[in-house]
């Protein structure tokens with residue numbers, strides 16, 4: 005049970021840590037989305053400027069000199085490079101945001117699994133607590149039953165001891181009574197003999 009409780013605490017701590025990480029990711033995701041929107045706006049502005057420059061170049065080419073055309077060409081190349089760099093940076097930001105969202109989704113799934121496991125662990129802990137409670141109650145009932153049986157055994161042993169003593173006393177009383185009866189029988193026999201002798205003596209005296 006202690007192992008399950010520690011495991012539950014660790015799962016709970018891990019869940020809290022993941023929630024904190026998820027909040028940070030959400031905060032970073034919002035910041036990244038804001039930056040991506042700003043960069044997208046900048047790219048749109050650059051595209052608009054490029055269109056303006058292209059239009060201006062088309063208007064100026066017939067009237068411009070070779071030097072003006074070279075300068076304009078270099079400016080266009082610079083703007084194109086800047087746009088390519090910004091587009092690449094935007095793609096990197098989008099990829100990073102996509103990875104963050106994927107990780108966020110995976111964390112959400114992992115968080116759901118943790119919550120499910122946490123609920124399962126809580127259910128198992130409650131079941132174990134109920135089982136322990138029932139077992140404890142049964143143990144108390146067994147202890148009370150054993151205590152009652154032990155007391156009854158002691159009472160029965162005491163009663164048996166008293167009955168043995170009573171039986172011994174009764175046997176002694178019977179022996180005493182038997183001796184008294186035997187004594188009475190002897191006395192009666194002696195008296196009968198004496199009476200018989202007396203009768204015989206009386207008969208003899210009468211004859212004389």
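Residue numbers (the working numbering): 5 to 212. Just so it is clear, CB atoms sit at the ideal spot from N, CA and C, and this is done for glycine as well.
Measure the alpha-carbon distance for residue i versus residue j and round it to whole angstroms.
i           : j           : result
residue 86  : residue 95  : 14 Å
residue 41  : residue 51  : 15 Å
residue 148 : residue 154 : 10 Å
residue 182 : residue 150 : 47 Å
residue 101 : residue 124 : 34 Å
residue 45  : residue 99  : 18 Å
residue 38  : residue 97  : 11 Å
residue 146 : residue 176 : 44 Å
residue 74  : residue 81  : 10 Å
residue 158 : residue 137 : 31 Å
residue 163 : residue 144 : 28 Å
residue 196 : residue 206 : 15 Å
residue 198 : residue 191 : 10 Å
Going by alpha carbons, who is nearest to residue i out of the options?
i           : options           : result
residue 49  : 28, 35, 84        : 84
residue 31  : 79, 93, 105, 120  : 105
residue 108 : 142, 201, 27, 133 : 27
So residue i packs on residue j, CB below 8 Å; how close in whole Å?
i          : j          : result
residue 47 : residue 90 : 5 Å
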